[in-house]
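Under my numbering, the letters of the sequence shown match residues 438 to 989, in that order.
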Amino acid sequence: MAPYNPPPRKKQEDLDALWYLQYYEAPPYLKAPPYVLGLPNELLALIASRIANNSDLRNLSLVCKRLREVAQRSLLRPVRLPENGIQKLLEMLFERMDLANRITHVDLGDYKAATPLSKWDEPLMKKCEILLAKVIGLERARALMEGSATSDAWGEHRTFYLAVLWALLPKLKSMTVEMPSLTAVRETPTATHVVILSFMHGAGPSPPFHNPLVRFLEQKLENLTISETSSWKGSSMRNITVANFELLRHLSLPIDTLVRRFGEVNDIEQVLPPSLEELSIRSCNKYTCEVLDALKSSRKTLVRLQRVGLYFKTCVRSSLLLVCLGNQEKPQALRNMLQTMKDQGICVRAFCRTSAGKTPEEDRYAAANLPQELEAWAYLSLSEVIMASNKGLRFSEIAARKEDNQLRTRSKAERVLFLRTYHILGAVFTSPSFKPELWLKTRFFFGPKKSEWGHTVKNAKQDGEKKKKGDEKDAGVEHSKDTQKTSVKTPRKTRSERSASPPLRSRRNLPRRRGAPLPARRNEARSPPNRNPDMITTNAFVPPQKEMATEG
C-alpha cells in the first residue's frame, strides 16, 4: 500500500500592505510625489536655479539627458570660476559653443591658471590665437600672448586669459573680479618689495583692466563688481577709474578703491561714468562722509545716478559711531547731507551685516534706517550713547518719546534713573507714559535725597559700618573702666628671680616611652582650620598649656 501523500497546499498570495487604498482615500503622507520629469521645463529651470552649489548641479546633470540640459544652464548662469580654473573653463567653452552663447555673468575672483601658458596644449593655443585674430587682429593677438608675460600688471598672462574669455562670450554683460596689486613682482617678493608695494598702492586711479582689453570691455559691460581681496596685497587697495565705460549702469566696489592711502578722496568725475544709475559702496569706514560729499558735489556729471547703497560690516549703532568718529556735531552734518542728496533725486540706503560667511560674497545684510538713527542720536547725551553701546541697542530704541511718539530729550531725573538701572529693559524708560517723579519715590530706586529712602546703597553701607564701629568703641570704653576697677598690679620680677626659676617645658622636650603613640600633632590630617568657634572637632590640635614657674 502506497504511503499517503497529501496534496500540496495552495500558496497564499501575499496581501499588499496598502490594500485598503483600493477602498479608501489615501492620506496625504502616503500619496506618491509628482513625477519630476513630468514637470514643464520652466519649473525645472526654477528648481535648478535655487541650487547654489556647483557640485550639486553637476550631480543633477548626470541623472538623465533632460536634467543635464537644465542643470548646465543653471551651472553657467552665472559662472563662478574656482581657483586655478580658467584653463578648464576655456577648454569647456571651446567644446560647447552653444553654452557660451548663454553666459551673461562671470565671477572670476582672483583668477589664474594652474599651469603656465607655455605648457598649454598646442591645439588649444592655436584655437585661442585664431579666435583673438578674428576679434583684434593677428598682430595684436600675438603681441598680447607674448607681451602679457612681462608687461601685465595683473600677473603673468592674466590679461590674455580674460581676452580669450571675452571673445568666447558674446553676450557677456556682467563681471565680478578681484583687483590685483599695482605692480606685479616677478621674482619671489622679499620684505623690502612688500613695503615698497604697500606705499605705491593708492597712488592714483587707473583702469581696472589692461590695454588693449579695456577698450573692448568699455563698450560691453553693464554691471561690474570689484570684490574684496582674498589675500593681502598691500595696506590699501588699488584705486580704479571706470569713467570711460559707456554702458556701465551698476557698479559695486569697496570704499578703499575711491580713497587714497592718506585719506584723500579721488575726483568722482574722473572715476565714475555719466551712465551710472546705481552705486554700491562696501566695507564703509570713516571716509564715508567724504565720499558722500564728493558724490553730492558731482551731481551735474552723474545725472543718471539714482541709488547709492552703503554696506557696513557692523551694526548700525557701531557704524554711525565709526563714520562720525564719536563727534556730536558730525551726525547733524550727515543728516543734512542725506537730505540734500534726497532733494537731488539720489536715494541713499544703508545695509548692516547680520551674519558673516566664509567669503565676503556669502555675507548677509539687512537694511537699516539711517536718518531715523541719526535723528534719535541728536536727542541723546554722551552717557546715554555709552549706555546704548553697553546694552547693544540702537539709538531709536533707547531715545525717550512723548505721548504722540515723538522724540524728546530726557530730564536729569530720567537720566539718573536710566544710568542706575542697567538691568532693566530700555523700553521701560522710553515709554510715553513713563513718569520719573513717581518712580523716584519708590524704595526700589532709593527715592530722592529728601525722602526717607534718599540715601544710596553705598551710603547705607557706610552708615551701618560707622554705627557698628561706634557700638564697638562704646563697649570697649565700658570694658576698660571695669577692668581698671578690678585689676591689681603685680610686682615685676627681678633678673635674678627670673634666672632662678626653672625653664618652661615645651612639647618637644617631653620624654616619650618606647612604643608610645606619636603626639597628636603628627597623627592629625592636614585640614583647613575650623572657622566656627562653637564647633570643636576631635582632630583639632589643642596646644599644651605652659607650666607657670612657681617661686621657690
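For glycine and all other residues, C-beta sits at the position ideal for the given N, C-alpha and C.
Same chain only: Cβ atoms within 6 Å of residue i, ignoring 5 sequence neighbours per side
| i | result |
| --- | --- |
| L690 | I663 |
| L716 | L688, V745 |
| L684 | E659 |
| I718 | I692, L747 |
| A787 | L747, A805, L807 |
| S498 | R505, A508, Q509 |
| E821 | none |
Three-way DSSP call (helix, strand, coil) for residue i in this model
| i | result |
| --- | --- |
| G782 | coil |
| R838 | strand |
| P560 | helix |
| G475 | helix |
| V500 | coil |
| A787 | strand |
| S870 | coil |
| L661 | strand |
| R539 | coil |
| V740 | coil |
| L844 | strand |
| L685 | coil |
| Q699 | With the sequence shown as reference, residue 699 is identified as Phe, and Gln is not the correct amino acid for it. In the structure shown, F699 sits in coil (DSSP, three-state: anything other than H, G, I, E or B). |
| C747 | Inspection of the sequence shows that residue 747 is occupied by Leu rather than by Cys. Looking at L747 - three-state DSSP - the assignment turns out to be strand. |
| E655 | coil |
| L762 | coil |
| P768 | helix |
| A578 | helix |
| E961 | Its pLDDT being 48, under 50, E961 is placed unreliably by the model, and the measurement read from it follows with that caveat. In the structure shown, E961 sits in coil (DSSP, three-state: anything other than H, G, I, E or B). |
| C752 | coil |
| N490 | coil |
| L606 | coil |
| S635 | Unreliable positioning characterises S635 in this predicted model, as indicated by a pLDDT of 43, which lies under 50. The coordinate reading is nonetheless provided below. Three-state result, S635: helix. |
| T596 | helix |
| T666 | coil |
| M533 | Checking the sequence shown, residue 533 turns out to be Arg, not Met. DSSP places R533 in coil when its eight states are reduced to three. |
Residue i - partner residues in DSSP beta bridges
| i | result |
| --- | --- |
| D544 | R517, T613 |
| I705 | Paired residue(s): none; I705 is not in a bridge. |
| S643 | I677 |
| P691 | R719 |
Chain C within 8 Å of residue i, Cβ atoms only
| i | result |
| --- | --- |
| Y598 | Of the protein chains in the structure, only one exists, and it is not chain C. |
Cβ neighbours of residue i in the same chain (closer than 8 Å, five flanking residues each side left out)
| i | result |
| --- | --- |
| L526 | V516, L518, L602 |
| T666 | D547, E615, M616, M674 |
| Q781 | K733, R736 |
| L513 | L536, R539, I540 |
| E528 | L561 |
Nearest-angstrom beta carbon gap, residue j and residue i [assumed within contact, 8 Å]
| i | j | result |
| --- | --- | --- |
| A604 | L568 | 5 Å |
| G706 | T738 | In the sequence on display, residue 706 carries Glu and not Gly. Confirmed, Cβ separation roughly 5 Å. |
| K657 | L609 | 6 Å |
| P644 | T678 | 6 Å |
| D742 | L775 | Sequence check: residue 742 is Leu here, not Asp. Going by Cβ atoms, the distance from L742 to L775 rounds to 15 Å, so no, they are not a contact pair. |
| F832 | A813 | 4 Å |
| L474 | R505 | Going by Cβ atoms, the distance from L474 to R505 rounds to 12 Å, so no, they are not a contact pair. |
| C726 | V760 | 6 Å |
| L854 | A836 | Contact flag wrong, Cβ pair sits at about 15 Å. |
| R790 | K750 | 5 Å |
| A570 | A578 | 5 Å |
| L483 | V543 | That belief does not hold up - the Cβ atoms of L483 and V543 are roughly 22 Å apart, past 8 Å. |
| R754 | A850 | In fact, because the Cβ distance is near 25 Å, the residues do not count as touching under 8 Å. |
Contacting residues, own chain, Cβ-Cβ under 7 Å from residue i (five flanking each side not counted)
| i | result |
| --- | --- |
| R838 | L844, R845, T867, P869 |
| E655 | N681, F682, E683 |
| E840 | P869 |
| Y724 | I692, V696, G700, V702 |
| P642 | N676, I677, T678, N703, Q707, V708 |
| A731 | V702, I705 |
| P873 | S848, A850, E851, L854 |
| L758 | none |
| E532 | none |
* Complete alpha helix (DSSP H) runs within the segment 710-736 (minimum length 4 residues, chain order) -> 725-734
* Secondary structure, alpha helix (DSSP H): runs of 4+ residues fully inside the segment 793-830 -> 807-814, 819-828
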